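K.L.:
I have a structure here, written as structure tokens, and I will follow up with some questions on it.
Protein chains: 2
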Amino acid sequence: MSYDKHRLRELAGFYKSQLLNDTLPFWFPRSLDTEHGGYLLMRDREGRLIDDDKAVWIHGRFAWLLATLYDQVEAREEWLEGAKSGIDFLRKYCFDTDGRMFFHMARNGSPIRKRRYFFSETFAVLALAAYAKAAGDAEMAEEARRLFGKCIQYATTPGMLPPKFTDTRPTKGIGVPMILINTAQQLRETIGDPRGDIWIDRWIEEIARDFVKDDLRCVMEQVSPEGQVLDHIDTRTFTPGHAIEGAWFILHEAAYRGGDKDLLRLGCNMLDYMWERGWDNEYGGIYYFRDVYHRPVQEYWQDMKFWWPHNEAIIATLLAYTLTGDEKYARWHDQVHTYAYDHFHDKQHGEWFGYLRRDGTLAQTAKGNLFKGPFHLPRQELYCWQLLKKHV
Amino acid sequence: MSYDKHRLRELAGFYKSQLLNDTLPFWFPRSLDTEHGGYLLMRDREGRLIDDDKAVWIHGRFAWLLATLYDQVEAREEWLEGAKSGIDFLRKYCFDTDGRMFFHMARNGSPIRKRRYFFSETFAVLALAAYAKAAGDAEMAEEARRLFGKCIQYATTPGMLPPKFTDTRPTKGIGVPMILINTAQQLRETIGDPRGDIWIDRWIEEIARDFVKDDLRCVMEQVSPEGQVLDHIDTRTFTPGHAIEGAWFILHEAAYRGGDKDLLRLGCNMLDYMWERGWDNEYGGIYYFRDVYHRPVQEYWQDMKFWWPHNEAIIATLLAYTLTGDEKYARWHDQVHTYAYDHFHDKQHGEWFGYLRRDGTLAQTAKGNLFKGPFHLPRQELYCWQLLKKHV
Chain D
1 MSYDKHRLRE LAGFYKSQLL NDTLPFWFPR SLDTEHGGYL LMRDREGRLI DDDKAVWIHG
61 RFAWLLATLY DQVEAREEWL EGAKSGIDFL RKYCFDTDGR MFFHMARNGS PIRKRRYFFS
121 ETFAVLALAA YAKAAGDAEM AEEARRLFGK CIQYATTPGM LPPKFTDTRP TKGIGVPMIL
181 INTAQQLRET IGDPRGDIWI DRWIEEIARD FVKDDLRCVM EQVSPEGQVL DHIDTRTFTP
241 GHAIEGAWFI LHEAAYRGGD KDLLRLGCNM LDYMWERGWD NEYGGIYYFR DVYHRPVQEY
301 WQDMKFWWPH NEAIIATLLA YTLTGDEKYA RWHDQVHTYA YDHFHDKQHG EWFGYLRRDG
361 TLAQTAKGNL FKGPFHLPRQ ELYCWQLLKK HV
Chain U
1001 MSYDKHRLRE LAGFYKSQLL NDTLPFWFPR SLDTEHGGYL LMRDREGRLI DDDKAVWIHG
1061 RFAWLLATLY DQVEAREEWL EGAKSGIDFL RKYCFDTDGR MFFHMARNGS PIRKRRYFFS
1121 ETFAVLALAA YAKAAGDAEM AEEARRLFGK CIQYATTPGM LPPKFTDTRP TKGIGVPMIL
1181 INTAQQLRET IGDPRGDIWI DRWIEEIARD FVKDDLRCVM EQVSPEGQVL DHIDTRTFTP
1241 GHAIEGAWFI LHEAAYRGGD KDLLRLGCNM LDYMWERGWD NEYGGIYYFR DVYHRPVQEY
1301 WQDMKFWWPH NEAIIATLLA YTLTGDEKYA RWHDQVHTYA YDHFHDKQHG EWFGYLRRDG
1361 TLAQTAKGNL FKGPFHLPRQ ELYCWQLLKK HV
């Protein structure tokens, strides 16, 4: 199948309307914490608060979303103020004395947990940069760049972060280069950063060289520092949705560079491999984990369908289609779009459920928790809408 | 319903036969690592090795099982030698230079991961004590007592183990007193330990006072240090199967003390509350996680059915029935026994599967991994067989 102008226009309208009339109103303005600042995002199906704790990742992500809406959609003062509230909370409470960020906070800003990773930092960079752009705030832009510099340091200085494993069997994950590519892209496309292109090149090269296995038609989640597949339960496990997210970051880069052929091939290969291995031909939807050699995956819930891989696949397939015109990608986009809006979307109360069993039945009804909040879904709806606007 | 002598004899024979002709042969002798010592236990449905890594918990547990079989069932030299192989591996490789134990090892004994908990130590105590009893090894008995002393220290000295959370919202888990009760019971009933009774009293008192909520008819998994229910997603979550395991440790103590009425009531209450909240009336089986106020549980796989809660419930219901004669417990035992042997038992290749979806379909086929090995199932079959022998 292919999409004609009419269908593309229809899709653009659908994503715009879902974003502004369904997804966003679930969260905004009711999630603003007018007492302590920041957001109250852990909500049940109907939108009632089930926990007043605050997730640091999701504070960065929602502040990014609100600032980006202000910048790209409409200059609504409440969006900018909403973004500022999250950013103030992050700056005031979420940095430890060693300069690293926490992961989980109490409502009043007391820290509950710090983790060994620096993704709190990468999402804070997104928020700061988007806000700096939206508000024209040069100081905030400087702060975003400083924090991005720290992320580069964490990623490239061995031993800087506390290790989870001994040195017996060193591994590295695709998450770090992937998320850093997106962080650098966002920084570059909001406030500009001279380091962006250089580092994006390096991280894409690392993914292509060490994680994408053309002979196996697979994108690994973890490999040895030299890029070898390690034949153990945990290291054989890969995450189709995560690699598909990586694929569209690389396709986005291909588009940014005027259709760079090598990047286009790399991004499409990653998407193709993960679609082949990740799509459930029996029940539909994208599996959470798979084993590269089809052996049992340690994570017992490996065949569940989570919301966010579907958001990433909706973006990746649409982007691949607009870049290549290959009808296969329109077909896949249609397939994942239909599955996702049929199964995850809550027609009654808005937004998406997060967690389905393999057969598509609902395993858990919360809309927000420590790991799920207003990010993957509204980002998908915004990204697809903006992308389609250019094509109709 | 109630069980007559004939049915009890039949059950005793069933558990004995399952243990010796189905469960044990899946693992033994093929899992002995004749090259590096210890066990190769990560196996797929058919018994093929899917990973040669070694789990420290499961090494202690399997060594305990083999030594206990030698002591309680039959003095087969291969069982004692098998136990020794695991114990040698634990003693030679699994202690870090600070005296604490690792969690995850490579086949050759190189450490891969150490965790913040001391359950590697408690399961090593079980193994050392059971082996000391079986082999009449006084030196090993001394080592078991020394290691148990360290466990008491870890449990009672704040700050001795690296914390996972900040001090903002202190919590404590039922796992520590529960597992230590069982460790002390095993130590007492194999090699004897003067500290046993005193500490068992304290830990049972702590569970009764801080974790068992009669007004809510619930056993909490985590509470504040003073025993309060904390109204947050993670702390509202409880684990029916875990509390049912704790219930039978306490019922075992009631039996040991000649039918102590207070302990009997406590153990039965814990079992009753968790059965009411944990049994799935629609599909059968025991849910993994629930929320004390019936709100959404953060863990998306919360309604899955794992093998081990069913092992613990089979023991707890049978023990409650033999101690009280209450027909309810015979009915429950029948219910969980039937569900479990119908759904988890692999009639073709022996042993049990570990992970079912809520509706009882199979989510993952491995028999052994970093968390599942020869422990809960063979312990259940051995315990029930031995218990029934006294009643027929």
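Residue numbers (the numbering used here), protein chains in the order written: chain D, 1 to 392; chain U, 1001 to 1392.
Glycine included, C-beta positions come from ideal geometry on N, C-alpha and C.
No experiment lies behind these values; they were computed from the predicted model shown.
1. Measure the Cβ-Cβ separation of U:H1036 and U:R1107 and say whether it is below 8 Å.
2. Measure the alpha-carbon distance for D:A402 versus D:T365 and round it to whole angstroms.
3. Look at the alpha carbon of U:W1203 and the alpha carbon of D:K16, and state the distance between them as a whole number of angstroms.
4. In chain order, what residues of the same chain lie with their CB nearer than 6 Å to the CB of U:P1170, ignoring the 5 residues before and after it?
5. Could you tell me if U:R1290 is buried or exposed, where buried requires 16 or more neighbouring beta carbons within 10 angstroms of its beta carbon?
6. Where DSSP assigns a beta bridge to D:V223, which residues make up the other side?
7. Counting only the same chain and skipping the five closest in sequence on each side, list residues whose C-beta sits under 6 Å from that of D:R295.
8. Could you work out which residues of chain D lie near U:D1033, taking near to mean beta carbons separated by less than 8 Å?
9. Quick one, which of U:V1336, U:D1303, U:Y1287 and U:N1269 has its alpha-carbon nearest U:T1324's?
10. Check for me: the alpha helix (DSSP H) holding D:I112 runs from which residue to which?
11. Take D:W319 as the anchor and find which of D:K133, D:K390, D:G284 and D:H343 has the nearest alpha-carbon.
12. Just to confirm, is the Cβ distance from U:H1343 to U:G1285 under 8 Å?
13. Should U:R1030 go down as buried or exposed, given a rule of 16 or more other Cβ atoms within 10 Å for buried?
14. Could you check if U:N1021 is buried or exposed, using at least 16 other CB atoms within 10 Å of its CB as the buried criterion?
15. Would you decide whether D:I179 is buried or exposed? Buried here means 16 or more other CB atoms lie within 10 Å of its CB.
16. Would D:Q348 be called buried (16 or more neighbouring beta carbons within 10 Å of its own) or exposed?
17. Is the CB-CB distance between D:D44 and D:K305 below 8 Å?
18. Beta-carbon within less than 7 Å of U:I1087's beta-carbon, same chain only, minus the 5 sequence neighbours each way: which residues are those?
19. Could you tell me which residues DSSP pairs with D:H104 in its beta bridges?
20. Hey, out of U:G1159, U:A1141, U:L1362 and U:A1144, whose CA is closest to U:Y1117's CA?
21. Take the Cβ of U:I1198 as the centre, count every other Cβ of all protein chains shown within 10 Å, and call the residue buried at 16 or more, exposed below.
22. Please list, in chain order, all residues of the same chain as D:F119 whose beta carbon is under 7 Å from its beta carbon, the five residues on each side excluded.
23. Flag this pair as yes or no: are the beta carbons of D:T168 and U:S1085 separated by less than 8 Å?
24. Measuring CB to CB, does U:M1220 end up less than 8 Å from U:F1249?
25. Please confirm whether U:R1358 and D:R358 have their CB atoms less than 8 Å apart.
26. As a quick exercise: from U:V1292, U:L1382 and U:G1241, pick the residue whose alpha carbon is nearest that of U:A1067.
27. Count the other C-beta atoms from every protein chain shown that fall within 10 angstroms of the C-beta of U:N1369, then say buried if there are 16 or more, exposed otherwise.
28. So, under 8 Å CB-CB, D:D272 and D:M1 are touching, yes? Tell me the CB distance rounded to an integer number of Å.
29. Count the other C-beta atoms from every protein chain shown that fall within 10 angstroms of the C-beta of U:T1338, then say buried if there are 16 or more, exposed otherwise.
30. In whole angstroms, what is the alpha-carbon distance linking U:V1212 and U:K1172?
31. State yes or no: is the beta carbon of U:V1297 nearer than 8 Å to at least one beta carbon in chain D?
32. Can you find a CB in chain D that lies within less than 8 Å of the CB of U:S1110?
P.N.:
For this structure:
1. yes
2. Residue coverage of chain D in this structure runs from 1 to 392, which leaves residue 402 of chain D outside it and unanswerable.
3. 58 Å
4. P1225
5. buried
6. D:K172
7. none
8. The premise fails here: U:D1033 is roughly 16 Å from chain D at the closest Cβ pair, so nothing lies under 8 Å.
9. U:N1269
10. Run containing D:I112: none in the alpha helix (DSSP H); it sits in the beta strand (DSSP E), P111 to R113.
11. The sequence as given places Leu at residue 319 of chain D; Trp does not occur at that position. Among D:K133, D:K390, D:G284 and D:H343, the Cα nearest to that of D:L319 belongs to D:K390.
12. yes
13. exposed
14. exposed
15. buried
16. exposed
17. no
18. A1063, A1127, L1128 and Y1131
19. D:A55 and D:R113
20. U:G1159
21. exposed
22. W57 and I179
23. no
24. no
25. no
26. U:L1382
27. buried
28. Between D:M1 and D:D272 the Cβ distance is about 17 Å, and since that is not below 8 Å, they are no contact.
29. exposed
30. 13 Å
31. yes
32. yes
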